[in-house]
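Be aware that the sequence shown starts at 527, since it is given in the working numbering, and climbs by one per residue.
Every residue, glycine too, gets a C-beta built ideally from N, C-alpha and C.
One structure is given here, and the rest of the page talks about it.
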Amino acid sequence: MDRNQIKKALSEKGYDFSMLAEVMERSPSLVSKVAARQAKSRLIANAIAKVLGRDIREIFPDVVEYHHPKATNNSEREQRKDQLAKLLKAK
Numbered sequence: 527m528d529r530n531q532i533k534k535a536l537s538e539k540g541y542d543f544s545m546l547a548e549v550m551e552r553s554p555s556l557v558s559k560v561a562a563r564q565a566k567s568r569l570i571a572n573a574i575a576k577v578l579g580r581d582i583r584e585i586f587p588d589v590v591e592y593h594h595p596k597a598t599n600n601s602e603r604e605q606r607k608d609q610l611a612k613l614l615k616a617k
């Protein structure tokens, strides 16, 4: 989806960039820039996807950084590192 499609889809649900920004305590221009691919924020991209009830990959198919889960705590990070080590050791 491009910026205008995201804006329209939010509007259809009764929301806009400034409302999302206010609730997230971010600037409306940052939300707009993320939607337009002029800035990256996994947090804002996830929020947009959640509000629209769609997968983040569907909304931002061109931003591959959003397509893979990010380890959110040390335990998850350690698990991911263990998985990576096993993968690299495998023949």
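Going by C-alpha to C-alpha distance, which of the options sits closest to residue i?
{"i": "Gly579", "options": "Ala535, Arg529, Asp528", "result": "Ala535"}
{"i": "Gln531", "options": "Phe586, His594, Glu602", "result": "Phe586"}
Quick check on residue i: does DSSP put it in helix, strand or coil?
{"i": "Pro554", "result": "helix"}
{"i": "Lys510", "result": "The structure shown does not extend to residue 510, since the chain is modelled only from 527 through 617, so no value can be given for it."}
{"i": "Phe586", "result": "coil"}
{"i": "Arg563", "result": "coil"}
Please report the straight-line C-alpha distance between residue i and residue j, rounded to a whole angstrom.
{"i": "Met527", "j": "Met545", "result": "20 Å"}
{"i": "Ser537", "j": "Val590", "result": "26 Å"}
{"i": "Leu610", "j": "Ser601", "result": "14 Å"}
Report yes if the C-beta distance between residue i and residue j is below 9 Å; otherwise report no.
{"i": "Ala561", "j": "Phe543", "result": "yes"}
{"i": "Arg563", "j": "Arg529", "result": "yes"}
{"i": "Arg603", "j": "Tyr592", "result": "no"}
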